[in-house]
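Peer 1:
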Amino acid sequence: MKFLKSVVQEMKLVTWPTFKENRHDTGTVVITSVLFGLFFAAVDWVLGAGMNWFVKLK
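Going by this note's numbering, the first residue of the sequence shown is number 338, and it counts up by one from there.
#1: Quick one: what does DSSP say T355 is sitting in, helix, strand or coil?
#2: Could you tell me the distance, in whole angstroms, from the CA atom of A386 to the CA atom of F340?
#3: M338 lies in the alpha helix (DSSP H); which residues open and close that run?
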């Protein structure tokens, strides 16, 4: 019980992000994830095309 009281006290001291900060951070994560996904998809496509070209040479 003492532990839970100390947890509640600590949670009251936390500075929680505002809705605007949360929205900004979420947008940043989504955009970064999409960009990384596009980058890795492009690299995968280029490497796959290169491997297909290499295999057809034989």
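Positions of the beta carbon are idealized from the N, C-alpha and C atoms, including for glycine.
Peer 2: According to the structure shown:
#1: coil
#2: Rounded to the nearest angstrom, the two C-alpha atoms are 59 Å apart.
#3: Element bounds for M338: n/a, residue is neither H nor E.
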